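K.L.:
Residue numbering for the sequence shown follows my numbering, beginning at 19 and increasing consecutively.
Cβ atoms here follow ideal geometry from the backbone N, Cα and C, with glycine treated the same way.
These numbers come from a predicted model, not from an experiment.
Mind having a look at this structure? Questions to follow.
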Amino acid sequence: MAPKKGVKIATKKKTEKVVNPLFEKRQEQFDISGALPLKKDVHRFVRWPQVVRIQRKRRILKQRLKELTKSEDHSALRRLPYWLLEYIKLASNIFGL
19 MAPKKGVKIA TKKKTEKVVN PLFEKRQEQF DISGALPLKK DVHRFVRWPQ VVRIQRKRRI
79 LKQRLKELTK SEDHSALRRL PYWLLEYIKL ASNIFGL
(Lines of atoms letter the chains of each structure in order from A and count residues from 1; the text may use other names and numbers.)
(Lines give C-alpha, C1' and ligand atoms only; values in the text may rest on other atoms or scores of the structure.)
Protein backbone atom coordinates (compact mmCIF):
# COMPACT_ATOMS: atom_id res chain seq x y z
CA MET A 1 0.00 0.00 0.00
CA ALA A 2 1.19 3.46 -0.83
CA PRO A 3 1.32 6.02 1.97
CA LYS A 4 -1.53 8.50 2.13
CA LYS A 5 -0.98 12.05 1.02
CA GLY A 6 0.00 14.46 3.72
CA VAL A 7 1.35 11.74 6.05
CA LYS A 8 5.03 11.99 6.92
CA ILE A 9 7.01 8.79 7.00
CA ALA A 10 9.44 8.46 9.88
CA THR A 11 12.97 8.04 8.62
CA LYS A 12 15.81 6.62 10.65
CA LYS A 13 18.65 8.99 11.29
CA LYS A 14 22.10 7.53 11.14
CA THR A 15 23.96 8.15 14.35
CA GLU A 16 27.69 8.38 14.20
CA LYS A 17 29.69 6.48 16.76
CA VAL A 18 31.92 8.61 18.90
CA VAL A 19 35.42 7.15 18.68
CA ASN A 20 37.76 7.87 21.54
CA PRO A 21 41.24 8.53 20.11
CA LEU A 22 42.82 7.02 23.23
CA PHE A 23 41.38 3.61 22.44
CA GLU A 24 42.21 3.05 18.80
CA LYS A 25 41.63 -0.41 17.43
CA ARG A 26 44.87 -1.86 16.20
CA GLN A 27 45.72 -5.02 14.34
CA GLU A 28 46.79 -7.75 16.74
CA GLN A 29 50.39 -8.74 16.17
CA PHE A 30 50.81 -12.36 17.16
CA ASP A 31 54.08 -12.99 15.42
CA ILE A 32 56.61 -11.08 13.36
CA SER A 33 54.67 -11.97 10.24
CA GLY A 34 51.32 -11.26 11.91
CA ALA A 35 50.30 -14.93 11.71
CA LEU A 36 47.94 -16.51 14.24
CA PRO A 37 49.56 -18.45 17.08
CA LEU A 38 49.78 -22.22 16.86
CA LYS A 39 47.08 -24.21 18.59
CA LYS A 40 48.37 -25.68 21.83
CA ASP A 41 47.87 -29.21 23.04
CA VAL A 42 45.65 -28.91 26.12
CA HIS A 43 45.44 -32.68 26.54
CA ARG A 44 47.05 -32.53 29.99
CA PHE A 45 44.70 -29.86 31.30
CA VAL A 46 41.48 -31.76 30.63
CA ARG A 47 39.43 -32.61 33.70
CA TRP A 48 39.63 -36.39 33.64
CA PRO A 49 36.84 -38.58 35.00
CA GLN A 50 37.23 -39.67 38.61
CA VAL A 51 37.66 -43.33 37.63
CA VAL A 52 40.64 -42.50 35.43
CA ARG A 53 42.23 -40.32 38.12
CA ILE A 54 41.85 -43.08 40.72
CA GLN A 55 43.39 -45.66 38.37
CA ARG A 56 46.40 -43.44 37.72
CA LYS A 57 46.95 -42.62 41.39
CA ARG A 58 46.62 -46.30 42.32
CA ARG A 59 49.27 -47.24 39.76
CA ILE A 60 51.68 -44.58 41.06
CA LEU A 61 51.19 -45.66 44.67
CA LYS A 62 51.81 -49.31 43.79
CA GLN A 63 55.01 -48.40 41.92
CA ARG A 64 56.29 -46.43 44.90
CA LEU A 65 55.52 -49.27 47.27
CA LYS A 66 57.27 -51.76 44.99
CA GLU A 67 60.37 -49.55 44.81
CA LEU A 68 60.60 -49.19 48.57
CA THR A 69 60.10 -52.87 49.32
CA LYS A 70 62.68 -54.02 46.75
CA SER A 71 65.35 -51.46 47.57
CA GLU A 72 68.42 -52.64 49.43
CA ASP A 73 69.20 -49.13 50.60
CA HIS A 74 69.04 -49.09 54.39
CA SER A 75 67.93 -45.48 54.59
CA ALA A 76 64.98 -46.24 52.34
CA LEU A 77 64.07 -49.24 54.47
CA ARG A 78 64.17 -47.05 57.58
CA ARG A 79 61.74 -44.63 55.93
CA LEU A 80 59.39 -47.46 55.00
CA PRO A 81 57.18 -47.35 58.14
CA TYR A 82 56.71 -43.59 57.82
CA TRP A 83 55.94 -43.90 54.16
CA LEU A 84 53.44 -46.68 54.85
CA LEU A 85 51.56 -44.36 57.23
CA GLU A 86 51.46 -41.72 54.51
CA TYR A 87 50.44 -44.40 52.00
CA ILE A 88 47.52 -45.44 54.19
CA LYS A 89 46.32 -41.82 54.45
CA LEU A 90 46.61 -41.32 50.68
CA ALA A 91 44.92 -44.61 49.95
CA SER A 92 42.04 -43.81 52.29
CA ASN A 93 41.54 -40.46 50.53
CA ILE A 94 41.74 -41.94 47.06
CA PHE A 95 39.75 -45.11 47.54
CA GLY A 96 37.30 -43.70 50.07
CA LEU A 97 38.24 -46.12 52.85
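In whole angstroms, what separates the C-alpha of residue 101 from that of residue 62?
P.N.:
The straight-line gap from Cα to Cα measures roughly 28 angstroms.
K.L.:
Return the chain-ordered list of same chain residues with a C-beta closer than 6 angstroms to the C-beta of residue 55, the five sequence neighbours on each side being excluded.
P.N.:
48.
K.L.:
Between which two residues does the alpha helix (DSSP H) carrying residue 68 extend?
P.N.:
It spans 68-88 - the alpha helix (DSSP H) in which residue 68 sits, taken as one unbroken run.
K.L.:
I need the straight-line Cα distance from residue 35 to residue 44, nearest angstrom please.
P.N.:
If you take the alpha carbons of residue 35 and residue 44, they lie about 17 angstroms apart.
K.L.:
Mind checking whether residue 108 and residue 83 have CB atoms under 8 angstroms apart?
P.N.:
Going by C-beta atoms, residue 108 is not nearer than 8 angstroms to residue 83.
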